[in-house]
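Asks: Here it is: the structure, laid out below.
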Amino acid sequence: MESWFILVASMAYLLSLFAIAWYGDRTGDQGTERRTPWLYALSFGVYCTSWTFYGAVGRAATGGFYFLPIYIGPILMIGLGWPVLARIVRVAKSENVVSISDFLSARYGKSRSLAALVTVAAVIGLLPYIALQLKAISVSFEILAGASLGTDLNQMPGGTALMAALLMAAFAILFGVRSVSANEHHRGLMMAIAAESVVKLAAALAVGGAIAYSVFGDPATFFEAAANHPGFLDLIRLDSIGADWWVACLLSALAILCLPRQFHVAVVENTHGGDVRSSAKLFPAYLVAINLFVLPVALAGLMLFPDGTTNADTFMVSIPLSQGWPWLALAAFIGGLSAATSMILVEMVALSTMICNDVAVPLLMALRPDDRRLRDDPAGILLLIRRSAVIVLVLLSYGCYRLIGPAFPLATIGMMSFTAVAQFAPALLGGLIWSRASRAGAFAGICAGFLGWAYTMLLPSFADAGWLASSALREGPFGLTGLSPVALAGIAGIDPLTNAALWSLGPNILLFVLVSLLTRPSTLERQQAARFISLRRSADGEATGPRGATLADLHDLAVRYVGQARADAAFCRFTGVEDGDLPTALLTRTDGEAIQLTERLLAGAVGSASARVVVAGLLSDRRLSRTDARSIIDEASRAILKQHELLRATVENVPQGIAVFDEDWRVATWNNQFLVLLDLPDGFVQVGTSLQEIVGLIARRGEYGRNGEIETLLERRSDPRRRNKPDVYERVRPDGTVLEIATNPMPGPKPGGGGFVAVYTDVTERHRAAAALREANETLERRIAERTHALSEAKAEAERANRGKTRFLAAASHDLLQPLHAARLFLSALAERNGDSAIRQIDTSLRSVEQILGDLLDVSKIDSGVVKPNPVPMRIEDLLKPLGEEFTVLASRHGLALRVVECSAIVHSDPTLLRRILQNYLANAVRYTRTGRILLGCRRRGNFLSIEVWDTGPGIPEHKVPEIFMEFRQLDNDADDRGKGLGLGLAIVERLAGILGHTVQVRSKVGRGSAFSVLVPLTDEPVAARAVVVRPRGRDLSGVLVLCLENEPAIARATEDLLSSWSCRVVTAAAPDLALAKLGGRTPDVILTDYHLDRSLTGVEALATLRAALGSDLPAAVVTADRDAAVREDIEAAGCRLLYKPVRPGALRALLGQLLAEGQRLAGD
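For the sequence shown, UniProt numbering gives the first residue as 1, with consecutive numbering after it.
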């Protein structure tokens, strides 16, 4: 199956999950959420990961009934032990718990260190488990995309896994980390998880059922095949079950409670307590159904792949592929993808919440307690931390996948993570039933259990992966066999899983009990124990708030962390008032109930432990004594004094002069710069000095001028319309200093205001800079004018040079082509009399010279801008058909077949220039193709038409393609080919395409041929009607009188010889008067004239003279080497035919026939 199709199907499935999640969030936001026990029970299906979907079959194929423990444990725990889960849910709701680490922290005195320990242990223990999901997605994709059935599950390309990881991160951020309140119900995410549970169940039943039915047909056949299989019967013997089977059941039962994702869906996302009881029936049934066909599929895989080269973990995909069922294999892949993505999504949401609340926030509060951002916008900081945690977890999981993925099968990784999270179980379950359980005991137990897990399970897995020497495990560190991880304390002969469970859960439980018995819980621990065990508040442990503290203080704190709406709703429920009466109710004194309410609100955002620290920072849980009050006042006084000194130092060290005036316009305070800028004497300014005294002193120095400027200034400040508004003005002192004076009003007890602050700034340098800028601007304008004039002169000079170059090209083309024209005519006349092969070879060489010279002139004209395109709507068939006719003959001479594919498209281009491009393409194809075919055709590409020429020539190496468009550049072709040109053809093509705005493309493969194309825009514009040209049949020219006007004697003789060889009567002359004299009264049948004659006379002017003397209807043609557009227009305006030099004899003879036919028609009229 193609990779792109699998990707499309996967993206379609993931987009459907996005749609379901969006719909769920939308219905939840609109308040339409209803109780749905089936949704809650299906969310438990997140337990069934890719380990379940793929690994269960693999485990059954290699271990028989050993695939069952991971399902029996949860079935017993949820089916029979659901009251335990219901109790955890009730406690968690009463404490506003948001994660398993938060639950344990709240139980044991809201301990931050315990929450951090649980978080770190969970992340380390579950990273391999998340990597397992990426591994399953990557490998199943590779197998489905076309890998062989024997593909090892350990060969893992990383692209698929990384893409899946990033998509899961985006999904988790959009629908799982959308708000700061971590205990908010993610209805959309849960609906998506429930949908995934349905998808993977349907996929497991469909794939398993199809395999079982196709291979066995009925249950009797299955049992018969199982009995006859040489190894399968031994696998499913009950007496083969060992201790590790029962240990796996125990670990799975504990994991269903302790896995962060299971705790999240079962506890945090629970909306109705009664749903727990419903899930006790639905979830076990779900587990039974999803494993219904595990054994048949495993046996089918063993029978279909008896050589053992196909990994059993891939049977769900490999078997449908081997039977030719790609769609069923795709369904298996989607089921495995669903199993993996649901686990990753919920695990990411749960772990990111734990990392944020229990690690990041406590660190921020400890390291940066005065951070304003954490105080002003805690919600934004928390969201940023959680989303960053999701991304970091995804990248760490991918790194873990790349690091250890190839070394472990699915079941090994899954059971390793189960054992790690099972270390939370003693503290979790013990805390619900044992009041003596303490924080120290829980901390010691989890530490011991986690270290035991790392030493006896994680470390041996490194040896299995080849990272450690296996001898080191057997002999133990330093050769101490008693410390061997696989035989600790000399206990050998037990399986690795039992060994790890014994040395992790054993020390965990032992230390949890012993340390709890030996330590005394704190008061808060005892209070929390009572709340967790009895599910009610302890009456003697209620916290009380300090006198003077109000509910408003707690409300403001809650608003900063959970938002206005959520805080208002919670305090309205607490006080029993409506929204409008809440401000009044908040004025009452706080109490223990209010403190606990605030802690629970904040716990939903930052966790229980951090919430207690935040609230404790606002409120004190004891009453103040006089000594404490005096200490607080002294400390506050010192702080105020320190702030005053800091403010004073700041004011004294700014470059502005600052003065504060009270409501009576008297100085209240000032800085030294105020005195310096105003040049006030020492001691003059005192507290209480009036503004009028200061202004008067300055005025006496003559700085305010005359005519009542002082009174104007004072009136400016006393004006009621200006008094309470900021004001800025400038004053120029006699020494040239410019002061900017900004006044800002201050609030005060009087209705008119409370004084103002005056800030004096020396802006002299600013004014000087402005003056310099104005001068520079004026200078710049003059320079711009001068430069503009110089540029205009240079442009005019360039235009004159270009016109001179154009004239030179015209003259050069004329002078270069004149002798070539004469040579062609002489050679043609000679060939008419003598068909010698030498003459034909000379003619061929002459044609090559003509082509080379024409190419040189064309390149020069294009580069000089002489060539101007005239794009019009045109039928492409009008171009292709003549080209086909022209080059078919040429191709056949070389032993090649030319095919032209018809096309009726209409394009917008210059017909002449486009024809030249295609002529070069076809000429090159004929020139360089030794054998084979040439194809000329078109393809539509959007709004463009690609006109293409394909050949079967030698091809062009890819690195040399850019060279073929360079002037005078030819690739290493045969000497015969290189001699046929200068390498200008494609250079002309590129230039013409640039003029037309077309795109040129080349595709070539050495030894296969090349394809040259030009991309031309399509159009719907109408095409001008084509003139019907009637081509006369070749006619006898015997006796035809031809007048030839030519000022070059050699060309005149060559033309006479050629025409004479056709039995024409020829009269040659260099000027009209000489021609009339030689004619002697005769009237020529046809006139041929050069355009550039002697004494600046043009052929058009000479024709006008001759027609005036001989008759205006004489057919005539102008032969010239000048290809200037003005020349062409002049000739066409005179009604003459145009023929460019050098003239081909065939073209000349055809033209004579047309002119004679035209003359006869005019004579008949």
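Think of the CB as a built atom: it goes at the ideal place given N, C-alpha and C, for glycine as much as any other residue.
As the structure is a computational prediction, the values presented were derived from the model and not from experiment.
For glutamate 799, which three-state DSSP category applies?
Replies: Residue mapping note: residue 799 aligns to position 799 of the sequence shown, counting from 1. DSSP places glutamate 799 in helix when its eight states are reduced to three.
Asks: Among Ala164, Gly55 and Arg915, which has the Cα closest to the Cα of leucine 996?
Replies: By one-based count along the sequence shown, residue 996 stands at place 996. Checked all of Ala164, Gly55 and Arg915; the closest Cα to leucine 996 is Arg915.
Asks: With 16 as the cutoff for other CB atoms within 10 Å, does leucine 480 come out buried or exposed?
Replies: The residue given as residue 480 occupies position 480 in the sequence shown. With fewer than 16 other Cβ atoms within 10 Å, it is exposed.
Asks: Between which two residues does the beta strand (DSSP E) containing valine 1014 stretch?
Replies: Taking the first residue of the sequence shown as 1, we reach residue 1014 at position 1014. It spans 1009 to 1017 - the beta strand (DSSP E) in which valine 1014 sits, taken as one unbroken run.
Asks: Taking cysteine 1136 and alanine 1116 to be in contact with their CB atoms under 8 Å, please state how far apart those CB atoms are, rounded to whole angstroms.
Replies: Along the sequence shown, one-based indexing puts residue 1136 at 1136. Along the sequence shown, one-based indexing puts residue 1116 at 1116. Indeed, because the Cβ distance is near 5 Å, the residues count as touching under 8 Å.
Asks: Counting only runs of 4+ residues fully inside the segment 1089 to 1138, write out the alpha helix (DSSP H) ranges in chain order.
Replies: Listed in chain order, the complete alpha helix (DSSP H) runs (minimum 4 residues) inside the segment 1089 to 1138 are 1099 to 1110 and 1125 to 1133.
Asks: Which runs of the beta strand (DSSP E), 3 residues or longer, sit entirely within the segment 935 to 974?
Replies: 944 to 951, all fully within the segment 935 to 974.
Asks: Once DSSP output is grouped into helix, strand and coil, what is the label at isoleucine 6?
Replies: The residue labelled residue 6 in the question sits at position 6 within the sequence shown. The answer is helix: DSSP assigns isoleucine 6 an H, G or I state.
Asks: Can you list, in chain order, the residues of its chain with a C-beta nearer than 7 Å to that of leucine 254? Leave out the 5 residues immediately preceding and following it.
Replies: The residue labelled residue 254 in the question sits at position 254 within the sequence shown. So the qualifying residues of the chain are Ala422 and Ala425.
Asks: So the candidates are His272, Gly955, Val513 and Leu351; which of them puts its Cα closest to the Cα of residue 1198?
Replies: A query on residue 1198 cannot be resolved here, the shown segment of the chain reaching from 1 to 1165 and no further.
Asks: When the distance is taken between beta carbons, is valine 1066 closer than 7 Å to leucine 1155?
Replies: As a working mapping, residue 1155 is identified with position 1155 in the sequence shown. As a working mapping, residue 1066 is identified with position 1066 in the sequence shown. Cβ atoms of leucine 1155 and valine 1066: not closer than 7 Å.
Asks: Answer yes or no: do alanine 92 and valine 267 have a C-beta to C-beta separation smaller than 7 Å?
Replies: Mapped onto the sequence shown, residue 92 falls at position 92. Mapped onto the sequence shown, residue 267 falls at position 267. Taking 7 Å as the Cβ cut-off, alanine 92 and valine 267 qualify as a contacting pair.
Asks: Assign isoleucine 433 to one of two classes, buried (16 or more other C-beta atoms within 10 Å of its C-beta) or exposed (fewer than that).
Replies: Position 433 of the sequence shown, counted from the first residue, corresponds to residue 433. The residue in question, isoleucine 433, is exposed, as its Cβ has fewer than 16 Cβ neighbours within 10 Å.
Asks: So the beta strand (DSSP E) alanine 668 belongs to, where does it begin and stop?
Replies: The residue given as residue 668 occupies position 668 in the sequence shown. Segment 667 to 670, the beta strand (DSSP E) holding alanine 668.
Asks: Check this for me: beta carbons of isoleucine 934 and leucine 898, under 7 Å apart or not?
Replies: Within the sequence shown, residue 934 is the residue found at index 934, counting from 1. Within the sequence shown, residue 898 is the residue found at index 898, counting from 1. The answer is yes: Cβ separation under 7 Å.
Asks: Quick one: what's got a C-beta closer than 6 Å to aspartate 358's C-beta in the same chain, skipping five residues either side?
Replies: Working through the sequence shown from its first residue, we reach residue 358 at position 358. So the qualifying residues of the chain are Ser101, Ala115, Ala116, Thr119 and Gly607.
Asks: Tell me which same chain residues have a C-beta within less than 6 Å of the C-beta of serine 43, skipping the five on either side of it?
Replies: Counting from one through the sequence shown, the residue named residue 43 turns up at place 43. The answer, listed in chain order, is Met190, Ile193, Ala194 and Val265.
Asks: Going by beta carbon distance, what residues of the same chain come within less than 6 Å of phenylalanine 571, once the five residues before and after it are set aside?
Replies: On the sequence shown, residue 571 is found 571 positions in, with the first residue counted as 1. The answer, listed in chain order, is His555.
Asks: If I measure Cβ to Cβ from glutamine 656 and keep anything under 7 Å in the same chain, skipping five residues before and after, which residues do I get?
Replies: Translated into the one-based positions of the sequence shown, residue 656 becomes position 656. So the list reads Gln673, Val759, Tyr760 and Thr761, once near-sequence residues are dropped.
Asks: Lysine 1005 lies in the alpha helix (DSSP H); which residues open and close that run?
Replies: Numbered from its first residue, the sequence shown carries residue 1005 at position 1005. Lysine 1005 -> not in any alpha helix (DSSP H); beta strand (DSSP E) instead, spanning 999 to 1005.
Asks: Roughly how many angstroms separate the alpha carbons of glycine 942 and phenylalanine 333, rounded to a whole number?
Replies: Locating residue 942 in the sequence shown gives position 942, counting from the first residue. Locating residue 333 in the sequence shown gives position 333, counting from the first residue. Taking the straight line from one Cα to the other gives about 36 Å.
Asks: Identify every residue that forms a DSSP beta bridge with arginine 1065.
Replies: Here residue 1065 refers to the residue found at position 1065 when the sequence shown is read from its first residue. The partner list for arginine 1065 (beta bridge, DSSP) reads Leu1041.
Asks: How would you label asparagine 499, buried or exposed, when you count the other beta carbons within 10 angstroms and need 16 or more for buried?
Replies: Numbered from 1 along the sequence shown, position 499 holds the residue referred to as residue 499. Counting Cβ neighbours within 10 Å, asparagine 499 comes out buried, since at least 16 surround it.
Asks: Rounded to whole angstroms, what is the Cα-Cα separation between isoleucine 355 and alanine 121?
Replies: As a first step, residue 355 must be located in the sequence shown, where it is residue number 355. As a first step, residue 121 must be located in the sequence shown, where it is residue number 121. In a straight line, the C-alpha of isoleucine 355 is about 11 Å away from that of alanine 121.
Asks: By the 10 Å Cβ neighbour count, where 16 or more other Cβ atoms means buried, how is alanine 769 classified, buried or exposed?
Replies: Numbered from its first residue, the sequence shown carries residue 769 at position 769. Label assigned to alanine 769: exposed.
Asks: Answer with buried or exposed for tyrosine 928, where buried requires no fewer than 16 other C-beta atoms within 10 angstroms of its C-beta.
Replies: Here residue 928 refers to the residue found at position 928 of the sequence shown. With 16 or more Cβ atoms within 10 Å of its Cβ, tyrosine 928 is classed as buried.
Asks: What's the call for tyrosine 66, buried or exposed, on a 16-neighbour Cβ count within 10 Å?
Replies: Looking up residue 66 in the sequence shown gives position 66. So tyrosine 66 counts as buried.
Asks: Starting from tyrosine 729, trace the beta strand (DSSP E) in both directions and tell me its first and last residue.
Replies: Counted from its first residue, the sequence shown places residue 729 at position 729. Here the beta strand (DSSP E) through tyrosine 729 covers 727 to 732.
Asks: Taking residue 1166 as part of the alpha helix (DSSP H), name the residues at either end of that continuous run.
Replies: Absent from the structure is residue 1166, since the part of the chain shown begins at 1 and ends at 1165.
Asks: Under a Cβ-count criterion, where at least 16 other Cβ atoms within 10 Å of its own Cβ denotes burial, should isoleucine 784 be classed as buried or exposed?
Replies: Reading the sequence shown from its first residue, position 784 is the one you call residue 784. It counts as exposed.
Asks: Are the CB atoms of phenylalanine 315 and valine 139 nearer to each other than 7 Å?
Replies: Counting from 1 along the sequence shown, the entry for residue 315 is found at position 315. Counting from 1 along the sequence shown, the entry for residue 139 is found at position 139. Not in contact: phenylalanine 315 and valine 139 (Cβ atoms no closer than 7 Å).
Asks: Let me confirm a value: asparagine 920 is counted as buried when at least 16 other C-beta atoms fall within 10 Å, else exposed. Which label applies?
Replies: The residue labelled residue 920 in the question sits at position 920 within the sequence shown. Buried, since its Cβ has 16 or more Cβ neighbours within 10 Å.
Asks: For leucine 1155, which three-state DSSP category applies?
Replies: If you number the sequence shown from 1, residue 1155 lands on position 1155. Helix.
Asks: Output needed for valine 288: all residues of its chain with C-beta closer than 6 Å, excluding positions within five of it in sequence on either side, in chain order.
Replies: For the purposes of this step, residue 288 is identified with residue 288 of the sequence shown, where counting begins at 1. Same-chain partners within the cutoff: there are none.
Asks: Tell me which same chain residues have a C-beta within less than 6 Å of the C-beta of glutamate 95, skipping the five on either side of it?
Replies: Translated into the one-based positions of the sequence shown, residue 95 becomes position 95. The residues are Ala106.
Asks: Restricting to Cα atoms, I'd like to know which of Ala1050, Val867 and Leu337 is closest to leucine 913.
Replies: Counted from its first residue, the sequence shown places residue 913 at position 913. Measuring from the Cα of leucine 913, the nearest candidate turns out to be Val867.
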